[in-house]
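Heads up: the sequence shown is residues 105 to 259, going by the numbering used here.
Just so you know, even glycine gets a beta-carbon here, dropped at the ideal spot from N, CA and C.
Below is one structure, written out as structure tokens; comments come after it.
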Amino acid sequence: MGNVSSLLCHCKELTHNENDQCQQHSAAADEAIHWHTNTGQQIAADQVAHDAADALRKAEEASVAKTEFLSNMSHDIRTPINGIMGMLDIAEDNFDNKARVRDCMTKMRGAASHLLSLINDVLDMTKIESGNMQMLDTPFDLRALLDSCCSIVEG
105 MGNVSSLLCH CKELTHNEND QCQQHSAAAD EAIHWHTNTG QQIAADQVAH DAADALRKAE
165 EASVAKTEFL SNMSHDIRTP INGIMGMLDI AEDNFDNKAR VRDCMTKMRG AASHLLSLIN
225 DVLDMTKIES GNMQMLDTPF DLRALLDSCC SIVEG
């Protein structure tokens, strides 16, 4: 539950960062106007309007991207949680069938691992945005990854 709380806090932080970006773009446009005015240079009104419109467009694009991200992430998080809940129900209904319970536990572990990976990916976004992310080139088992994804989706 702590990881989900961390994710929600991070999503709120993304929204806060989005507001900061809007303010930064607006401040940059204001600063450009102020600088040009103080240095005696004339700026055409249409250039100022263009810069302000560009800053607004960038802020709106960031807002749309964050909204789409949160919508997709909500779905992506629910899928493995629903898989875990479904496997718990099946395991409880078949408690005397050790093979069935073991199969459910394997699928629950895969779904929990997938969920943890999603949460870690979201939290790593902060590192990516700040330029502190290091990419690792590591081998992985594609078949095991696909089997795990299929298990989550199929239940």
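| message | Can you look up N80 in the DSSP assignment and give me helix, strand or coil? | response | Outside the displayed range of the chain (105 to 259) lies residue 80, so it cannot be described from this structure.
| query | If you count every other CB in all the chains shown that lies within 10 Å of the CB of V226, and 16 or more means buried, which is it? | reply | buried
| task | Under the assumption that G235 contacts K211 (Cβ atoms under 8 angstroms), give the Cβ distance between them as a whole number of angstroms. | result | Taking C-beta atoms under 8 angstroms as the contact rule, G235 and K211 fail to qualify, at a distance of about 38 angstroms.
| Candidates E165, C208, A169, A163: which alpha carbon is nearest D258's? | Asp is not the amino acid found at residue 258; the sequence shown has Glu there. The shortest Cα separation from E258 among E165, C208, A169, A163 belongs to C208.
| Own chain partners of I256 with C-beta closer than 8 angstroms, once the 5 adjacent residues on each side are dropped | Close CB contacts of I256 within its chain, under the 8 angstroms cut and outside five residues either way in sequence, are with T183, P184, G187, K211, G214, A215, H218 (chain order).
| said: According to DSSP, simplified to helix, strand and coil, what is F244? | reply: coil
| task | Between the Cα of M177 and those of A195, S252, L220, spot the shortest distance and give me the residue it belongs to. | result | Nearest C-alpha to M177: L220.
| message | Taking a contact to mean a Cβ-Cβ separation below 7 angstroms, would you say M239 touches K231 in this structure? | response | Going by C-beta atoms, M239 is not nearer than 7 angstroms to K231.
| Going by C-alpha distance, which of A169, E164, E172, I181 is nearest N224? | I181
| Mind checking S175: buried by the 16 CB within 10 Å criterion, or exposed? | exposed
| Euclidean distance between Cα positions of A153 and E172 | 28 angstroms
| request: Hey, could you find the ends of the alpha helix (DSSP H) M212 is sitting in? | output: 202 to 234
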